[in-house]
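Asks: Here my numbering runs 24 ahead of the position in the sequence shown, where the first position is 1.
Glycine is no exception: its CB is placed at the ideal position from the N, C-alpha and C atoms.
Quick caveat: nothing in here was measured; it's all calculated off a predicted structure.
Take this structure first; my questions come after.
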Amino acid sequence: MHESAIHSLRQLIQQDRWEEAQKQLNEALQQNPNPTPELRACQTWILLYHTQELDAYPIVLELLKTGYRDPDWLREVVLPLRNYFLCIASDPTLKIVSTRKGDPRAQVLAFARSLEEWLQQYEFPIPDEPVGTRISLCMIARDDADMLEECLKSVQGVVDEIVLVDTGSQDATPQIAEQFGAKVIHTEWRNDFAWARNFALQHATGDWVLVLDADERLNGPQTRQALLEAARHPQFAGYQIEIVNLTDFEQPDQVFLHRAVRLFRRLPYARWEGAIHEQITPSLAQHGGRIAILTNAQIIHLGYEKSVIARKNKAQRNIQILEATLAQNPDDLFQIFNLANTYYTDGDYARALPLLERVCKETDPRQDHMPHAWSLWIAALRHTGRPEEAITAAQQALQKGVDHPAVYFEMAQAYRALHQDEQAREALLQVPASAQRLGLLADDGETLKASGNFVGDLTIVTYKWRHLLADTLMALGRHDEAEPYLRYLAQHHSHNPTFLLLYADWLRNKGRLEEASQFFEQLTQSHAHAELANRALAELWWNQGHYARALPALKRLCELLPEDESLWHRWVYACEQANNPEALIEAFEWRARQRKPLSSGIHINWGRALWQLQRYEEALHHFALAIQMEPTNPNALLNAGDALYQLGAYAEAADAYSVALELDPYNPQAWFTLGNCYARMGIYDAARIAYQQTLQLDPKHPQAQHNLAVIQEKIRHTAA
C-alpha cells in the first residue's frame, strides 16, 4: 500500500472521521492480502474505536512482536488496550467468558501484563492515572431540594460515590444528598461554574466521573446500562451523552437536543473551563484524549422548562456571568454564542442579533453548536422584521455546508412572512431530507433513528415542519395536498390542540361536519383553546339549524365568558328552538347563580319551562315574582292563572285571569280559560258569558264552541 494512502488513513483517524476511515481500510485490505504493519496498525485503531478490543489484541501482539513501535500507536492503541484489560479484571459486576481453562480474571490480567511488558521494553512511559470502572457522580447544587431526590434515584446502581458541592443552600438539599450517602462539601458561590465543578472533582476518587445537575436525571435502565458499559472502555477519555431538554411540561414532546461530555476519565489533567456553559473537553483534547458518542443513553434536563426558568430567574443570572466572562475575554466566540442564545431565549432578539451574526461569520460551521447558532440568527432576523435578510442568512448557511433541518425550517418561516408560499413549501420539503442526510430519519422519512449528530429542536423534524407545510399548502389553496399532513398531526400528536384545531377547520371547510365536530369537542378540553373550539362547535351546528347540538358548546362558552350577555341570549334561544325545557331551566338557573338581573320576562319564561315539565308550584313562584316586578303585565297574570288552574286553585286562577282581562280584554284564550275556571267552580252563567266573549273575539275557536254547548246544556238541566 502506498505511503500516501497510509498517511491519508492516519489523517482520517486523527480527525475522528471513523466511518470514512473504516471504508478506506476495508478497500485497502481487499487490495492487499498481505497488509503492511502500518495498515494493520490502522486496523487496530479502528477496532479499538468500535470497542472490539478482543479482536484487536492478537493483531496488536503480533505487531509488537515484529518490532512495530510507532509512538502514537503505542499511546493510542497499546496503552488503552492494556487499560481495557485492567478494567475488565477489576470490574466485580462483569462476568468474564473464556474458553481456556483456569481463572478467567487471571487470564485477562495476563493480557494486560503482556502489553505492559512490551510498553516497558519499548521504553514507553506508563502514566500514573486511575484505571478501572468505578464511577463518581460529581454535582454542584444550591436550594435544589425539589429536584435532587429524583436525580439521585436515577443513578442508583451506576455510581460508586456521590460528591456534592453545596454553594449555600437554605433548604434541605444537603440533607437529601446525605440520605443517599453523598459526600457533601460546603463552599461559597463564586459566580464560576468551572471552579465549583473542579472543586467537586478534587474530592472524587472514582476512575470515571459522571456529571449531573439536580434538575437532570438518567433516562431509564438503558441509559444506566450504557454508562456501566462505557466505563469498561478507557480508550476514550470521555463520552458525549445526549441531553433532552424539556421546554414545556404541558407539551412533553417539546424538546431540544444537544450533546455534552458528561462521563469522562478522572485523568490528572481533566479540568473544567468557563465560568458558565463550562466544558471539560478542551482539557481532554489538549492531551490527545478521544471523545466518543455514547449511544442508547440520555439525560433528561428539566432546567430549561419555561416555568423553571422563570421561577429560578436563570436568564438574568446567566447574562450577568456571561457578560463578566466576556469582559475578560471579548473574543470568546463560544461564550458570545451562549450570551446570544440566552438573550434569544429570553425574547430579546434585538440584543441577540449582532452577537449571532458575529458568531456565524467567525466560527467554524462544523462545530456542534453552529447549526443552532445559524438557525437562531435567521430566526432573530425574522423576529425583528427583516425576513429578506433572514433568507439571505439561510442561503449563506447552506453555502457553508450547514445542512440542518432548522435552517430550512427558519428559511421557510421567513418566506411565509413575505407571502412567498411556494418558496416556503420547497424549503419545508428539505427539512425531512436534511434529517435523512444527518442520519436522524430513516429512508421512509418518518422513523426516528438514534439522534447521533443532531443538535437542535427535535420537534422541527417530527411535526413542526408538517404543521407549517399544511398551513402553507392551505394558503396556496392546495387543500387536498394538505390533508395527509393534517391527518398525521391529528393522529400522532392528538394532545396538541393547535394541530387538532387546524384539522378541524379543514374538515369543516370540506363539509365533513361530524368529523370536525369530534375534533372541536376534543379541543374544548384544552384550556388555551377552549373558547375558540366552543365557538367553532356552536357556530357549526347553529348554522345547520341543529340547535340541540349547539347547546353544550353555548353553555360552556357562557361559563368561560360569563360577562358576555350575547352568549347567554344565544344559549336561551337555542334551548327554545330545540324545545328543551330542561336546558332552558339550566340556563336560567346559571344566570341566577351569576347574580345577574332577572327581568319579569325571564321569570315568565322560566315559569313556562317549569310548567311544560308539570312543575306547577315552581312555575307559579316565578309567575308571582314577575307580577311583583310588573303588576300590570297581563302575560304574567295569565301564566299565573294557568299554573293555579293546574293546581286546582280555580277561584285564584279566575281572579288572575280577570285582572289580566282588565288589562287585555281582547284576548280570546284568556276569556276561554276564565270560562273553564267558572265551569270547574259550577258558576255556569259566568262560564257561559266567558265562552260567548271568546267566540265573539274568535268565532272559530273550536273548544269554546264545544264548552259553550256543554255549559248551556248544564244550565237547562239545572233550570229544569
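#1: Determine the DSSP secondary structure at F280, reduced to helix, strand or coil.
#2: For my contact list, W595 and L584 are in at a C-beta cut-off of 8 angstroms; report their separation, rounded to the angstrom.
#3: Compare the Cα-Cα distances from E434 to each of G425, A417, K424, R382 and report the closest residue.
#4: With distances taken Cα to Cα, identify the nearest neighbour of L770 among A664, N659, L668.
#5: From T548, Q549, A506, H553, pick the residue whose C-alpha is nearest to that of L531; which is it?
#6: Per DSSP, which residues does L403 bridge with? Please list them.
#7: Can you name the start and end residues of the alpha helix (DSSP H) that Y527 belongs to?
#8: Among R390, K534, D372, F361, whose alpha-carbon lies nearest the alpha-carbon of E381?
#9: Kindly list the residues whose CB is nearer than 7 angstroms to the CB of A710, restricted to its own chain and excluding five residues on each side of it in sequence; keep chain order.
#10: Does the distance from the CB of L346 to the CB of I300 come in under 7 angstroms?
#11: Just verifying my parser: in three-state terms, what is the DSSP assignment at Q460?
#12: Quick one: what does DSSP say S518 is sitting in, helix, strand or coil?
#13: For the structure I just gave you, are there three or more beta carbon pairs, one from the region 200-208 and one from the region 180-192, closer than 8 angstroms?
#14: Is the separation between the beta-carbon of H267 and that of I323 shorter than 7 angstroms?
#15: Closer than 8 angstroms by C-beta to Q310: which residues in its own chain qualify, once you throw out the five before and the five after it? Chain order, please.
#16: Using DSSP's beta-bridge definition, name the partner residues of C162.
#17: From the DSSP output, read off the bridge partner residues of V208.
#18: According to DSSP, is D40 helix, strand or coil?
#19: Report the three-state DSSP secondary structure of T387 (helix, strand or coil).
#20: Just to confirm my understanding: we take F612, look at its own chain, exclude 5 residues before and 5 after, and list those with CB closer than 6 angstroms. What are they?
#21: Please report the distance separating the alpha-carbon of P521 from that of D372.
#22: Return the first residue and the last residue of the beta strand (DSSP E) that Q264 is part of.
#23: Can you tell me whether K488 is buried or exposed? The criterion is at least 16 other CB atoms within 10 Å of its CB, across all chains shown.
#24: Terminal residues of the continuous beta strand (DSSP E) containing Q322?
#25: R390: buried (16+ other C-beta within 10 angstroms of its C-beta) or exposed?
#26: For Q437, which option in L472, K473, K385, R490 has the closest C-alpha, if you only look at C-alpha atoms?
#27: Have a look at V734 and L668 and give me their C-alpha separation to the nearest angstrom.
#28: For F148, which three-state DSSP category applies?
#29: So, at 6 angstroms on beta carbons, what are the nonlocal neighbours of G298 in its own chain, with the 5 sequence-adjacent residues on each side left out?
#30: Where does D495 fall in DSSP's three states?
#31: What number of angstroms, rounded off, separates the C-alpha of Q549 from the C-alpha of L524?
#32: Any chance the region 209-229 sits against the region 276-287, with 3 or more Cβ pairs inside 8 angstroms?
#33: Could you give the distance in angstroms between the alpha-carbon of L634 and the alpha-carbon of D481?
#34: Here's the rule: buried if 16 or more other CB atoms are within 10 angstroms of the residue's CB, otherwise exposed. What is Y9?
#35: Which class does Q447 belong to by DSSP, given the choice of helix, strand or coil?
#36: Expressed to the nearest angstrom, what Euclidean distance is found between the alpha-carbon atoms of N731 and A602?
Replies: The short version:
#1: Looking at F280 - three-state DSSP - the assignment turns out to be strand.
#2: About 12 angstroms separates the two Cβ atoms, so there is no contact after all.
#3: Put simply, of G425, A417, K424, R382 the residue whose alpha carbon is nearest the alpha carbon of E434 is A417.
#4: Coverage of the chain is limited to positions 25 through 744, which leaves residue 770 absent and any answer about it impossible.
#5: Selected option, being the one with the closest Cα: A506.
#6: It should be pointed out that residue 403 corresponds to Ala in this sequence rather than to Leu. Beta-bridge pairing links A403 to no other residue.
#7: Y527 -> alpha helix (DSSP H) spans 521-533.
#8: The shortest C-alpha separation from E381 is found at F361.
#9: Its chain contains Y702 as the residues whose beta carbon lies nearer than 7 angstroms to that of A710, once the 5 sequence neighbours on both sides are disregarded; these appear in chain order.
#10: By the CB criterion at 7 angstroms, L346 and I300 fall inside the cutoff.
#11: DSSP, read as helix, strand or coil, puts Q460 in helix.
#12: When secondary structure is reduced to three states using DSSP, S518 falls in the coil class, being assigned neither helix nor strand.
#13: Verdict: yes, contact present.
#14: One detail in the question is off: residue 267 reads as Ile in this sequence, not His. In contact: I267 and I323 (Cβ atoms closer than 7 angstroms).
#15: Excluding sequence neighbours, Q310 sits near Y293.
#16: In the DSSP assignment, C162 forms a beta bridge with V187, V235.
#17: Residue pairing for V208: DSSP places it in a beta bridge opposite L188.
#18: DSSP places D40 outside both helix and strand once states are collapsed to three, so it counts as coil.
#19: If DSSP states are grouped into helix, strand and coil, T387 belongs with coil.
#20: In chain order, W630 place their CB closer than 6 angstroms to the CB of F612, counting only its own chain and leaving out the 5 sequence neighbours on each side.
#21: Answer to the nearest angstrom: the Cα atoms are 27 angstroms apart.
#22: Element bounds for Q264: 262-270.
#23: Taking a 10 Å sphere around the C-beta of K488, we find 16 or more other C-beta atoms and assign the residue as buried.
#24: Note, Q322: beta strand (DSSP E), 315-325.
#25: Looking at its Cβ environment, which holds fewer than 16 other Cβ atoms inside 10 Å, R390 is exposed.
#26: Ranking L472, K473, K385, R490 by Cα distance to Q437 puts R490 first.
#27: V734 and L668: Cα-Cα distance of roughly 23 angstroms.
#28: Reduced to three states, the DSSP call for F148 is coil.
#29: Excluding residues within five positions, the ones whose Cβ falls inside 6 angstroms are A218.
#30: Looking at D495 - three-state DSSP - the assignment turns out to be helix.
#31: Those two C-alpha atoms are separated by around 12 angstroms.
#32: Touching, no.
#33: Rounded to whole angstroms, L634 to D481 spans 58 angstroms at the Cα level.
#34: Within the shown structure, residues of the chain are numbered from 25 to 744, placing residue 9 beyond reach of any answer.
#35: Helix.
#36: Distance between the alpha carbons of N731 and A602: 33 angstroms.
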